[in-house]
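Engineer: Protein sequence lines correspond, in order, to chains A and B. So the first sequence is numbered by this note's numbering: it starts at 410 and just counts up by one. So the second sequence is numbered by this note's numbering: it starts at 766 and just counts up by one. Below is the structure I would like to discuss, written out as structure tokens.
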Amino acid sequence: MTVIVWIVEGTWPACVDAARTHAPADADLVLLHVTGHEVPGAAHGAYAGLLGRARPDRDPGTAVEHLAAASAEQLLAGAAERLGRPCTRQERSGRVEREVVAAAEGADLLILARDGDRTHLGPRSLGPASRFIVDHAPCPVLLVWPETAPSTVNIPPPPPHPPHHR
Amino acid sequence: MDDVATVRAKVYDELLTPALHPETLALHPEKVGTPPGKAPPLNASLAEALSVVLLLAVLACAVIRPWGWPEAVVAVPAAGVVIATGSISLSHAAAEAARLGPVIGFLAAVLVLAQLCDDEGLFHACGAWMARRAAGRPRRLLVLVFVAASLITAVLSLDATVVLLTPVVFATAARLGARAKPHVYACTHLSNTASLLLPVSNLTNLLAFAASGLSFTRFAALMVLPWLVAIGAEYLVIRRFFATDLDAGAEAPPADEPRELPLFALLTVAGTLAGFVLTSALGINPAWAAAAGAAVLAARALAQRRTTPTAIVRAAALPFCAFVLALGIVVRAVVDNGLGAALGHLVPGGTGLPALLALAALAAVLANVINNLPAVLVLLPLTAPTGPGAVLAVLLGVNIGPNLTYAGSLATLLWRRIVREHDTDVELGEFTRLGLFAVPAALLLSVVALWVSLQAIGG
């Protein structure tokens, strides 16, 4: 059985903990991190907007690319340490939500955390990326709360019954 | 101040030689003759066509950078050609060079100052400060990034924010375990929006400063309110736009690092700022204050053998300075030979709120088509006669406008799409959507703020 744990900045510890609790002892665990292109791209773009600077070696986008690679490696190392079980680390780059779906191809379980507005329960507690992944994942999905799951007391009362029609 | 500006504007107008001024040509066709002892000047439409082609070539090469050439390799010969063919008279070219010379010196001094501050560890210390104060809270980090990026852009120019601060901001966010996107996007946006405050903040400001006839302190006094308002608008938009990423939290505990305070660099920068105020009060060109600041840091770095004269000269970006000068001359030829008259009808006169809004919008559109540097060079001679208010409205447009397209202009954007130089180009959708929220809001509010400043302080 292959279990993919999607590691994202800010919310990953909950996913690692869920893997420790719910993945069978003999499962192959894969820690997956995806680096998006947007952040280095924005830095490249800002430098390109400075007309006439003539020094490609000063392009901050390149520096950010290197930093991003280093930080992804560090993040996965931290996650592996917290997991405390044998696992494989997988680093991908591209459109984040599509890379995660592609990586989940053939897996038996994908673990991810809610990353939207978690102060209000409801559809917005899933951000655009996790919404896409939940909708398109080719395998079962375990969706966890980054912090303690909210109690059912917080669920608003049901709307009044619609009037009966004949 | 008004008088100075008006006199300058008149001088500027009179500089347009009658033989080449299109309106004069239309009225007095007999003037198109060969003055005795001079090379035959081109007829105005031919001269305009030639200058436009050369300008397009210069801009195309600056965007495309064939064979990795410095931009000046094409720009300087192009300036030579417009002078040699008489598309711009020698006296005009000399006047333009004399106007741009101090501006370029100022620019070079600020570039050196920023690089030496980086060598002194100022930006690294800034990252450590942000990490410490953010205490693992992404929203707090965003506020700190706004403070740092706004101040650094205003004092050490937008180049410093783009080249030196952006990687530091990314590293800081990564170290805290926060998502970097909101902070890096804020940095790139602020390199434009926060470059309104001082003449040194942006090359466009330096050009406008020279044309407006304002003193350094008056420029800053008029721009401080638009600067604050534009930054505030950006903050609200970015905070809301990236709410999801900011809510995600930051897991990594802040590492205990020794506090570092590059006192010498900070004091030098503070001294340079004081120098700007002082020189401006004494009627000396504030470029000298920047040069003095750069010289102090350079002397220390050289004495401690932490840098070399070559590195300092490299930091001054001489090819870039040559490019700006050459571009200025070619643009002047284009403006003189007919574009000025053509655009003159589009450029609204007056400094009422509607006129200021229209000017800023026109400037933002022009900046987005090619780049804000040629846009400001074209618009300055047309707006300088109206007064400082109009010039500053143009600045708001050319400085805030580029945030609409992530590479500063459509031309650069298209070219980058074609060559795909970096396989990490952003998805256009997100950046453009952010720009569509941020730019109109920041532009509109800052123009209103400028209008209020002009009413309160007077142009």
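Idealized CB from N, CA, C, for every residue including glycine.
Considering only residues of the same chain and omitting the five flanking positions on each side of Lys803 (chain B), which have a CB-CB separation below 6 Å?
Structural biologist: Position 38 of the second sequence, counted from the start, is the residue given in the question as residue 803 (chain B). Any reading at Lys803 (chain B) must be qualified, since the residue scores a pLDDT of 42, below 50, and its modelled position is unreliable; no value is offered.
Engineer: Let me check one thing: in DSSP terms, what residues is Thr497 (chain A) bridge-paired to?
Structural biologist: One-based indexing of the first sequence puts residue 497 (chain A) at position 88. Note: Thr497 (chain A) sits in a beta bridge opposite A:Val439.
Engineer: From Val505 (chain A) to Leu1179 (chain B), what distance separates their C-alpha atoms?
Structural biologist: Here residue 505 (chain A) refers to the residue found at position 96 of the first sequence. Here residue 1179 (chain B) refers to the residue found at position 414 of the second sequence. Roughly 24 Å separates the two Cα atoms.
Engineer: Tell me whether Val1078 (chain B) is buried or exposed, calling it buried when 16 or more other Cβ atoms sit within 10 Å of its Cβ.
Structural biologist: Within the second sequence, the letter at position 313 stands for residue 1078 (chain B). Exposed, by the Cβ-count rule.
Engineer: Taking only beta-carbon positions, decide if Thr953 (chain B) is within less than 8 Å of chain A.
Structural biologist: In the second sequence, counting from the first residue as 1, residue 953 (chain B) sits at position 188. Closer than 8 Å: yes.
Engineer: Run through chain B and tell me which residues come within less than 7 Å of Glu418 (chain A), C-beta to C-beta.
Structural biologist: Along the first sequence, read from residue 1 onward, the residue named residue 418 (chain A) stands at position 9. Simply Gly942, Ala943, Arg944 and Ala1013.
Engineer: Given Ala1098 (chain B), which residues of its chain have a CB within under 6 Å of its CB, disregarding the five upstream and five downstream residues?
Structural biologist: Within the second sequence, residue 1098 (chain B) is the residue found at index 333, counting from 1. Counting only Cβ-Cβ distances below 6 Å, and skipping sequence neighbours, we find Ser816, Val847, Ser852 and Ile853.
Engineer: Output needed for Ala1015 (chain B): all residues of its chain with C-beta closer than 6 Å, excluding positions within five of it in sequence on either side, in chain order.
Structural biologist: By 1-based counting over the second sequence, the position of residue 1015 (chain B) is 250. Cβ within range, chain order: Gly901, Pro903, Leu941, Gly942 and Ala943.
Engineer: State yes or no: is the beta carbon of Thr969 (chain B) nearer than 8 Å to at least one beta carbon in chain A?
Structural biologist: For the purposes of this step, residue 969 (chain B) is taken as the residue at position 204 of the second sequence. Taking Cβ atoms only, chain A never reaches closer than 8 Å to Thr969 (chain B), which makes this a no.
Engineer: Counting only runs that start and end within the stretch 1013–1074 of chain B, where is the alpha helix (DSSP H) found for 4 or more residues in a row?
Structural biologist: List check, alpha helix (DSSP H) in window: 1028–1047 and 1052–1068.
Engineer: Which two residues bound the contiguous beta strand (DSSP E) that contains Val1096 (chain B)?
Structural biologist: Position 331 of the second sequence, counted from the start, is the residue given in the question as residue 1096 (chain B). Taken as a continuous stretch (DSSP letters only), Val1096 (chain B) belongs to no beta strand (DSSP E), being part of the alpha helix (DSSP H) at Leu1083 to Val1099.
Engineer: Closer than 8 Å by beta-carbon distance: list the chain B residues that pair up with Leu476 (chain A), in chain order.
Structural biologist: Counting from 1 along the first sequence, the entry for residue 476 (chain A) is found at position 67. Going along chain B in sequence order, the residues near Leu476 (chain A) (Cβ under 8 Å) are Pro932, Phe935, Ala936 and Ala939.
Engineer: If you reduce the DSSP assignment to three classes, tell me which class Trp415 (chain A) lands in.
Structural biologist: As a working note, residue 415 (chain A) is residue 6 in the first sequence. Strand at Trp415 (chain A).
Engineer: Going along the stretch 516–531 of chain A in order, which residues come within less than 7 Å of chain B, judged by CB to CB distance?
Structural biologist: Within the stretch 516–531 of chain A, the qualifying residues are Asp524, Gly525, Asp526 and Arg527.
Engineer: Assign Val562 (chain A) to one of three DSSP states: helix, strand, or coil.
Structural biologist: As a position in the first sequence, residue 562 (chain A) is number 153, starting the count at 1. Residue state, collapsed to three classes: helix.
Engineer: In three-state terms, what does DSSP make of Ala980 (chain B)?
Structural biologist: Here residue 980 (chain B) corresponds to residue number 215 of the second sequence, with the count starting at 1. Strictly speaking, residue 980 (chain B) in this sequence is Ser, with Ala absent from that position. Ser980 (chain B): coil per DSSP, three-state reduction.
Engineer: Determine the burial state of Glu556 (chain A): buried for a count of at least 16 other Cβ atoms within 10 Å of its Cβ, exposed for fewer.
Structural biologist: For the purposes of this step, residue 556 (chain A) is identified with residue 147 of the first sequence, where counting begins at 1. Exposed is the call here.
Engineer: So, under 8 Å CB-CB, Leu962 (chain B) and Ala919 (chain B) are touching, yes? Tell me the CB distance rounded to an integer number of Å.
Structural biologist: In the second sequence, the residue the question calls residue 962 (chain B) occupies position 197. In the second sequence, the residue the question calls residue 919 (chain B) occupies position 154. So it is a contact: roughly 4 Å between Cβ atoms.
Engineer: Cutting at 6 Å between CB atoms, please list the residues of its own chain near Leu979 (chain B), excluding the five before and the five after it.
Structural biologist: Translated into the one-based positions of the second sequence, residue 979 (chain B) becomes position 214. Taken in chain order, the residues that qualify are Pro1153.
Engineer: Can you check whether the C-beta of Ala757 (chain B) is within less than 8 Å of a C-beta belonging to chain A?
Structural biologist: Here chain B covers residues 766 to 1224 and nothing more, so residue 757 (chain B) does not appear.
Engineer: Among the candidates B:Leu906, B:Ala1052, B:Ala849 and B:Val1034, whose CA atom is the shortest distance from the CA of Val1061 (chain B)?
Structural biologist: Within the second sequence, numbered from 1, the residue matching residue 1061 (chain B) stands at position 296. It is B:Val1034 whose Cα lies nearest to the Cα of Val1061 (chain B).
Engineer: Around the Cβ of Glu1195 (chain B), are there at least 16 other Cβ atoms within 10 angstroms (buried) or fewer (exposed)?
Structural biologist: Residue mapping note: residue 1195 (chain B) aligns to position 430 of the second sequence, counting from 1. Buried, by the Cβ-count rule.
Engineer: Among B:Val908, B:Glu861 and B:Leu972, which residue has its Cα nearest to the Cα of His948 (chain B)?
Structural biologist: The count along the second sequence starts at 1 and reaches residue 948 (chain B) at position 183. Ranking B:Val908, B:Glu861 and B:Leu972 by Cα distance to His948 (chain B) puts B:Val908 first.
Engineer: Which two residues bound the contiguous alpha helix (DSSP H) that contains Ala951 (chain B)?
Structural biologist: As a working note, residue 951 (chain B) is residue 186 in the second sequence. Start and end: Lys946 to Thr958.
Engineer: Would Glu1195 (chain B) pass as an interface residue toward chain A - the criterion being a Cβ-Cβ separation below 8 Å?
Structural biologist: Position 430 of the second sequence, counting from 1, holds the residue named residue 1195 (chain B). So, interface residue.
Engineer: List the endpoints of the continuous alpha helix (DSSP H) containing Ile520 (chain A).
Structural biologist: What you label residue 520 (chain A) is simply residue 111 of the first sequence in a count that begins at 1. Careful: Ile520 (chain A) lies outside any alpha helix (DSSP H), inside the beta strand (DSSP E) at Leu518 to Ala522.
Engineer: Under 9 Å Cβ-Cβ, which residues of chain B neighbour Glu506 (chain A)?
Structural biologist: In the first sequence, counting from the first residue as 1, residue 506 (chain A) sits at position 97. Within chain B, no residue comes near Glu506 (chain A); the closest Cβ sits about 11 Å away, beyond 9 Å.
Engineer: Of the choices B:Ala976, B:Gly845, B:Lys946 and B:Leu872, whose alpha-carbon is the least far from that of Ala1149 (chain B)?
Structural biologist: Residue numbering aside, residue 1149 (chain B) sits at position 384 when the second sequence is read from its first letter. When each option's Cα is compared against that of Ala1149 (chain B), the closest is B:Ala976.
Engineer: According to a CB-to-CB cut-off of less than 8 Å, which residues of the stretch 427–459 of chain A neighbour chain B?
Structural biologist: The stretch 427–459 of chain A vs chain B, Cβ under 8 Å: Gly445, His446, Glu447, Val448, Pro449, Gly450, Ala451, Ala452, His453, Gly454, Ala455, Tyr456, Ala457, Gly458 and Leu459.
Engineer: Return yes when at least one heavy atom of the ligand NAD lies under 7 Å from the C-beta of Ile829 (chain B), else no.
Structural biologist: The ligand content of the structure shown is nil, which means the ligand NAD is not present either.
Engineer: Under the three-state reduction of DSSP, which class applies to Val1112 (chain B): helix, strand or coil?
Structural biologist: Indexing the second sequence from 1 puts residue 1112 (chain B) at position 347. Coil.
Engineer: Once DSSP output is grouped into helix, strand and coil, what is the label at Thr969 (chain B)?
Structural biologist: Here residue 969 (chain B) corresponds to residue number 204 of the second sequence, with the count starting at 1. In this structure, Thr969 (chain B) counts as helix in the three-state DSSP scheme.
Engineer: Over what stretch of residues does the alpha helix (DSSP H) that includes Leu1193 (chain B) continue unbroken?
Structural biologist: The sequence position of residue 1193 (chain B) within the second sequence is 428, counting from 1. Unbroken alpha helix (DSSP H) run through Leu1193 (chain B): Leu1193 to Ile1222.
Engineer: Would you tell me roughly how many angstroms separate the C-alpha atoms of Leu476 (chain A) and Ala1046 (chain B), rounded to the nearest one?
Structural biologist: Within the first sequence, numbered from 1, the residue matching residue 476 (chain A) stands at position 67. Within the second sequence, numbered from 1, the residue matching residue 1046 (chain B) stands at position 281. Distance between the alpha carbons of Leu476 (chain A) and Ala1046 (chain B): 45 Å.
Engineer: Look up Thr444 (chain A) in the DSSP assignment and say whether it is helix, strand or coil.
Structural biologist: Walking along the first sequence from the start, residue 444 (chain A) turns up at place 35. The answer is strand: DSSP assigns Thr444 (chain A) an E or B state.
Engineer: For a quick check, are the C-beta atoms of Ser1211 (chain B) and Ala455 (chain A) less than 8 Å apart?
Structural biologist: By 1-based counting over the second sequence, the position of residue 1211 (chain B) is 446. By 1-based counting over the first sequence, the position of residue 455 (chain A) is 46. No, these two residues do not count as a Cβ contact at 8 Å.
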